[in-house]
Amino acid sequence: MLETILKFSACCRAYRFNISTAQTLDCFEQLKLINPVDETEFKTVLKTNFVKTQRDAPHFETLYNLFFHDINVSSKTEVNQDKELKDNVLDALGEFAKQNNDPTYDVLMEFMQGDPQDYLGEISDMHNQLEEKQAALKSNMGQLAMRLDVMLKINQLRSRVLELVKGFGENAAPESLENIEKHFSVLFDKAYDILTREPKKDNVGLKDVKNTEDKYKNIGNKPFSNLSPDEIEMTRDVIDQLVRKLNDITSRRFVAKNKGRLDIKKTLKDANKFQGIPVHIHYKHKPLRKGKVVTLCDISGSVWSASRFMLNILYSLQDCFSRVKSYVFVSGLCDVSEIFEQNDINDAIDKVMNEADIEYDVPTDYGQTFAEFKENHMHELNSKTTLIIIGDARSNYMNPHAEILEDMRFKCKRIIWLNPEPLASWDTGDSEMLTYKSHVNEVRPCQNINQLCAFIEDLIL
Amino acid sequence: MDFKNVEDVQSRLESSNYIPSREISTVIFLAQATQKPVLIEGPAGVGKTELAKAVSRSMGRDLIRMQCYEGLDETKALYEWEYAKQLLYTQMVKDKIDHLISDVTDINDAVAKISSQEDAFFSEKFIQPRPLLKAITSEKPVVLLIDEVDKSDPEFEAFLLELLSDFQVTIPEIGTMSAVSMPFVFLTSNNYRDMSDALKRRCVHLYIDYPELHTERQIVKMKIPGIKEELLDKLVQTIGNLRKLDLKKKPCISETLDWAKALIALEADEISPEVLRDTLNVLCKYKTDEETVKKHIESLV
């Protein structure tokens, strides 16, 4: 039992679960208290100790089924002859792997023998591997080629098993041969599944806002990308109005710190310092704390039309936040906070498009952007930061690096993703919205001024 | 009384009007046996708080509840000095203090004499215990429910972490106070924000989802014993269908119960699209949700 649990926890770690030694020890302690033969109880002990958030539950289910059902359990009805045949096939496969002297064959052999840890680790590393920067042509061929290589090796082992089974044919019963073939086929299918289908996180707390109130008629529902110059001016007026209204409401809220009911306890406590004379009066109304906002804006193509209005509003409402930090990106990332701090909003928006240190004529690469953010700007995120990402999540089939987005989620309070595309286009073509959706706290369409206003009001009020 | 095994948890929770799944019973038993807090996650209204209440009822323990919110601090959660009482007492015993220092001539001596008595004013008499201190100092073991912990600030979470690992608090003027009896701690979260890894590691984790059809059927039957079987079947099925829709706020168990009561009050023997339309305000809390349900009303019933 000890050995099995240790192996299972090692597999979980290889699959990006953070499991401490204390958690494994707790697991052993608790297994003594239940009936380990009862699968529900056994699985609950493992789950309650290893899965500390429901987001990880689908990965745990996959691993649990793989480890305890698919690869490690031999059938009770398995006859000796089957076992002998299976061992013979494994030995022969082992020889084949040794001759080829390739580490991928080695991890696949361990997987076949019931120890999937290294295989899981290799696949996990492969998913998360960053592409080396190339000067001219950019692609994610490195990762695809590696996957293809593993696929080919699985197929080679599969055909080798078939050959071997055929070779044993004369001396074994047809039923046994069928069982062996089935056994290995299931294992190869599993290895293939792990390689090609990563389970999605169960993002239980996701706030998925799809419908918003039609506050402004006509212009309110017109997509940002279709606005004429006159309509852009009208939109700016609407934004000015909204900003004034929100500034009024929030300033009233912050002023309220000097009003409200008297806090007798605090006033008396403070009065002790002045021989019981209440020099400082305390009130019960506390102003809400201001949070920090970090924005990542895609400025490619149609997304820019939404981003600029969003930045316009955020910087007009700067007083509502302790700090606003902004980055724009296409493939690389550029900090434009200073441009906004030093210029008038409309000038700043023009400057971002003309002066920001960024390549505009390259395909958008969200994975690369996240990688750059992780490397250079991760310190900007803390437990009081709200990260707002505006983008269509179209990453031109590059590696989306959703695991970096997940790291970012753990560093900040909330991640809100605003997508300027119509809902129907999400998850089509090269859009990675479905992948990113499982790592953020809130997703919203942000196609027109109604949707943008609803979001801003929700954020501020 | 402590639980003996998983089956014991199951039966005692059922007799406390809570129908647990096998997984819930196992987690509760493990948490109690290893004296670890339980961190319960799940959508609003699936019975997270109710589970803590049911456990307190079934164990015969008092429930101490602390609701978390943004800005919650130690003075609201742990303890606070009763300054007004201290001030009042100093005024009342002023003569005694004067008498105490009447025979000294030096200020230093007077201060030394008074400071030797300061324990009288910084003692447990002048402490106003808040839920966490109450749970720790209670003679009888209690169930402590820290509700919606995800709404509290990260600072408070860090403080909680310290408390949950040692079950002791240090009050600078008095010293360290350790738990007299171990409280059974429940933390609930609606996933507004992620809790820190350190806190999660100290707890056993439990996720409660919307109940399966047969469990929800049992719950309704237990809470509303007079409900007709056919109506009950149709009711839980319709609620199940409603939860499959893309709603802002999916109907939870309490809404199922409210709807069942509403249907009985209206003397509705069966659920037709018309009945659903008329009683939709019991199930939907948002206008947009009502519109979505109305669009699919024929396929729901």
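Which chain is which? The protein sequence lines are A and B, in order.
Throughout the first sequence, residue numbering follows our numbering, covering 2 to 462 in sequence.
Throughout the second sequence, residue numbering follows our numbering, covering 72 to 372 in sequence.
Glycine included, every Cβ here is placed at the ideal spot set by N, Cα and C.
Of all alpha-carbon atoms in Lys332/B, Leu215/B, Leu313/B, Ile324/B, the one lying nearest the alpha-carbon of Val372/B is that of Leu313/B.
Within 10 angstroms of the beta-carbon of Asp218/B lie 16 or more other beta-carbons, which makes it buried. Annotation note: the region 198-267 of chain B contains the following uninterrupted beta strand (DSSP E) runs of length 3 or greater, listed N- to C-terminal: 198-200, 213-218, 239-242, 246-249, 255-260. Taking a Cβ-Cβ cut-off of 7 Å, the neighbours of Glu94/B in chain A comprise Thr41, Thr45, given in sequence order. When C-alpha distances from Leu334/B are compared across Ile324/B, Pro322/B, Leu347/B, the shortest belongs to Leu347/B.
Residue environment analysis places Phe51/A among the buried positions, since at least 16 neighbouring C-beta atoms fall within 10 angstroms of its C-beta.
When only Cα atoms are considered, Leu86/A and Ile181/A end up about 8 Å apart.
The region 332-362 of chain A contains, as complete beta strand (DSSP E) runs of 3+ residues, the segments 334-336 (chain order).
What Val98/B touches in chain A, judged by beta-carbon distance under 8 Å, is Thr45, Thr49, going in chain order. Within the region 210-226 of chain A, the residues whose Cβ lies closer than 9 Å to any Cβ of chain B are, in chain order, Val210, Lys211, Asn212, Thr213, Glu214. Contact annotation, Met72/B with Gly131/B: C-beta distance approximately 6 Å; criterion of less than 8 Å satisfied. With respect to the C-alpha of Trp427/A, the residue from Cys447/A, Asn442/A, Lys414/A having the closest C-alpha is Cys447/A. Under the three-state reduction of DSSP, Thr161/B is assigned to helix. Bounds of the beta strand (DSSP E) holding Cys298/A are 293-299. Against chain B, the CB of Arg410/A has a partner CB under 8 Å away; the residue lies at that interface. Judged by DSSP in its simplified three-state form, Leu91/A adopts helix. In this structure, Lys107/B and Cys323/B do not form a Cβ contact; the two beta carbons are roughly 27 Å apart against a cut-off of 8 Å. Pairing Tyr437/A with Ala394/A gives a Cβ-Cβ distance under 8 Å. The Cβ of Arg201/B sits no closer than 8 Å to any Cβ of chain A. For Thr296/A and Trp305/A, the gap between their C-alpha atoms comes out near 13 Å. When Cβ-Cβ separations below 8 Å define contact, Ala23/A makes contact with chain B. With a threshold of 8 Å between beta carbons, Lys271/B makes contact with chain A. When secondary structure is reduced to three states using DSSP, Ser370/B falls in the helix class. Residue nearest to Asp27/A within the set Ala349/A, Thr45/A, Tyr316/A, Tyr16/A is Thr45/A (criterion: CA-CA distance). Neighbours of Asn19/A in chain B, taken as residues at a C-beta separation under 7 Å, are given in chain order as Asp268. In this structure, Leu188/A and Ile350/A do not form a Cβ contact; the two beta carbons are roughly 57 Å apart against a cut-off of 8 Å. In the DSSP assignment, Tyr193/A falls outside any beta strand (DSSP E) and within the unbroken alpha helix (DSSP H) covering 175-197.
Taking a C-beta distance under 8 Å as the contact criterion, Ser260/B and Glu121/B do not qualify as a contact pair. Look at Ser252/A here: in three-state DSSP terms it is helix.
At a cut-off of 8 Å between C-beta atoms, Thr120/B does not count as an interface residue with respect to chain A. At a cut-off of 8 Å between C-beta atoms, Gly277/A counts as an interface residue with respect to chain B. When 7 Å is used as the limit between beta carbons, Glu30/A is near these residues of chain B: Thr105, in chain order. At the C-beta level, Ile242/B and Tyr140/B stay beyond 8 Å of one another. If the five residues before and after Gly292/A are omitted, its C-beta is found closer than 8 Å to the C-beta atoms of Phe322, Ser323, Lys385, Thr386, Thr387, Lys414, all from its own chain and listed in chain order. Closest in alpha carbon position to Glu164/A, among Asn89/A, Lys208/A, Asp238/A, Met147/A, is Asn89/A. Sorting Ala146/A, Ile314/A, Asn377/A by C-alpha distance to the C-alpha of Gln242/A places Ile314/A at the top.
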